[in-house]
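Okay, structure first, notes after.
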DNA sequence: TCGTATCTACCTTCTAGTAGGGAGTTTGTC
DNA sequence: GACAAACTCCCTACTAGAAGGTAGATACGA
């Protein structure tokens, strides 16, 4: 851990962007070896199997997501701002092609053919994200800055689903702007007040 | 065309369910050959390349979707009923495992690694579906049975995205019921009146 | 000298795709 | 109606390359 970026970090980072592009079956150890500049066998030294690599990759992704949410809550005490910051984060990622999709959302679509250990990690991400969104919506409703039509839980699931669908549409249309077109009415309908 | 179901039909039907399970890179000609009961080479006779097969498969899926929408409009003159019939159709598909995902939605997630000809078909489906939804929302707004917050186009994109995201969540949680949990507030918030 | 990281070399299985042939059916022509 | 050419559909047999993964040697720092 002397280096700022170890080889295994590089492998994970590379694999992540390959998964974002084409899912679990859309990349190979050979692809990673080309990008990172080491041999296939060396990747197996760090991650014995492909399932290991992706499971660890998703676990780390979840940690980062948790950390991101914690930071977001620190900078934005208001629930409405928190929702806006969350959608804004993704709008930026998709806009500048940093990451045009959530790793877990992408893997979720392939669940029937995914190793079980990865499925569990992906599912855990969905649960954590929707739980956080539900708590934000609840606080917003309590403050009167957000208007809920159904239960906070149902609204949170709808919110999360819409954001995921917006990523999909941006990709389908080949137009990052569509993400904003979709999330804007989403915020507006929750009665989110501007500034 | 004497048979009700030709071999190429069977190949397409089989490939469709394999795609729904694991996407473009999640199945092979060998998989199809096992299920359909013919040799790999025979599949190449009907569909020279995998890209051909999937492109034709998606084109047919789009035709069926168009036909389904036309029928749905015939049986349900009211815009609110049309939306409900649309989400209801998918709720049933996901519930009884007929088809737990829209072929185009699944392929859309893999667009960066998909052959261009398939991307165009998938994109066309998204355009057609959102255009239809926009027209339904517009009619509903004109009648006063639906309340739009933004433009019909933006609301239609949001609606479509939410439905796609609901499919994803149902798969992620491994729980078909979540589809209804998500689409219910979606309808409610559009001010869709019951019965 | 132990452990970590990397390498070369290799294995097995799967991948999409091709070559060429056989059986049955259609079609055109006399 | 007879006959041959052409077409359809499926087959066996094969290819080259990519897949995930292993074995064993080497380099090097603590």
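Protein chains in written order, with UniProt numbering: chain A, 1 to 195; chain B, 1 to 195. All C-beta atoms, glycine included, are put in the ideal place defined by N, C-alpha and C.
Between residue i and chain A, is there a C-beta pair that is closer than 8 Å?
i                      : result
residue 126 of chain B : yes
residue 204 of chain B : Examination of residue 204 of chain B is not possible in this model, given that chain B is present from 1 through 195 alone.
residue 210 of chain B : Residue 210 of chain B lies beyond the range of chain B shown here (1 to 195); nothing can be said about it.
residue 215 of chain B : No statement about residue 215 of chain B is possible, as the shown extent of chain B runs from 1 to 195 and does not include it.
residue 137 of chain B : no
residue 87 of chain B  : no
residue 3 of chain B   : Because residue 3 of chain B carries a pLDDT of 46, less than 50, the predicted location of this residue cannot be relied on, and the following value inherits that uncertainty. Output row for residue 3 of chain B: interface = no.
residue 113 of chain B : yes
residue 134 of chain B : no
residue 6 of chain B   : no
residue 194 of chain B : Residue placement at residue 194 of chain B cannot be trusted, given a pLDDT of 49 that sits under 50; what the coordinates show is reported in the next sentence. So no, residue 194 of chain B is outside the interface.
Could you tell me whether the Cβ atoms of residue i and residue j are closer together than 8 Å?
i                      : j                      : result
residue 23 of chain A  : residue 109 of chain B : yes
residue 91 of chain A  : residue 150 of chain B : no
residue 103 of chain B : residue 58 of chain B  : yes
residue 200 of chain A : residue 144 of chain A : Outside the shown range of chain A, which is 1 to 195, sits residue 200 of chain A, and nothing can be said about it.
residue 147 of chain A : residue 114 of chain A : no
residue 174 of chain B : residue 165 of chain A : no
residue 12 of chain B  : residue 55 of chain B  : no
residue 101 of chain A : residue 171 of chain A : yes
residue 18 of chain B  : residue 9 of chain B   : no
residue 107 of chain B : residue 118 of chain B : yes
residue 38 of chain A  : residue 6 of chain A   : no
residue 124 of chain B : residue 62 of chain B  : yes
residue 73 of chain A  : residue 82 of chain A  : yes
Using the beta-carbon count (16 or more within 10 Å), is residue i buried or exposed?
i                      : result
residue 177 of chain B : exposed
residue 87 of chain A  : buried
residue 77 of chain B  : exposed
residue 29 of chain B  : buried
residue 186 of chain B : buried
residue 169 of chain B : buried
residue 179 of chain A : buried
residue 120 of chain A : exposed
residue 142 of chain A : exposed
residue 134 of chain B : buried
By the DSSP assignment, the alpha helix (DSSP H) with residue i in it spans what residues?
i                      : result
residue 176 of chain A : Neither: residue 176 of chain A is in no alpha helix (DSSP H) and is coded neither H nor E.
residue 79 of chain A  : 79-95
residue 54 of chain B  : 50-75
residue 121 of chain B : 116-143
residue 7 of chain A   : 7-22
residue 146 of chain B : Where residue 146 of chain B is concerned, there is no enclosing alpha helix (DSSP H), given that its DSSP letter is neither H nor E.
residue 107 of chain B : 103-108
residue 42 of chain B  : 40-46
residue 201 of chain B : With chain B covering 1 to 195 only, the question about residue 201 of chain B has no answer from this structure.
residue 33 of chain B  : 29-36
Tell me which same chain residues have a C-beta within less than 6 Å of the C-beta of residue i, skipping the five on either side of it?
i                      : result
residue 130 of chain B : 156, 157, 160
residue 181 of chain B : none
residue 138 of chain B : 152
Could you check whether the Cβ of residue i sits closer than 8 Å to any Cβ belonging to chain B?
i                      : result
residue 66 of chain A  : no
residue 38 of chain A  : no
residue 103 of chain A : no
residue 173 of chain A : yes
residue 184 of chain A : yes
residue 169 of chain A : yes
residue 109 of chain A : yes
residue 26 of chain A  : yes
residue 181 of chain A : yes
residue 154 of chain A : yes
residue 161 of chain A : yes
residue 22 of chain A  : yes
residue 157 of chain A : yes
residue 95 of chain A  : no
residue 16 of chain A  : no
Can you name, in chain order, every residue of its own chain whose Cβ lies under 7 Å from the Cβ of residue i, other than the five neighbours on each side?
i                      : result
residue 184 of chain A : none
residue 163 of chain A : 87, 90, 183
residue 99 of chain B  : 20, 93
residue 43 of chain A  : 11, 29, 32, 33
residue 69 of chain A  : 132
residue 40 of chain B  : 29, 30, 33
Once the 5 residues before and after residue i are set aside, which same chain residues still bring their CB inside 8 Å of it?
i                      : result
residue 27 of chain A  : 15, 18, 19, 21
residue 3 of chain A   : Here the model assigns residue 3 of chain A a pLDDT of 49, short of 50, so the residue's position is not dependable, and the following value carries that caveat. Closer than 8 Å at the Cβ level, and outside the excluded window around residue 3 of chain A, lies no residue.
residue 167 of chain A : 90, 94, 100, 101, 102, 105, 179
residue 122 of chain A : 58, 104, 107, 108, 111, 114
residue 66 of chain A  : 128
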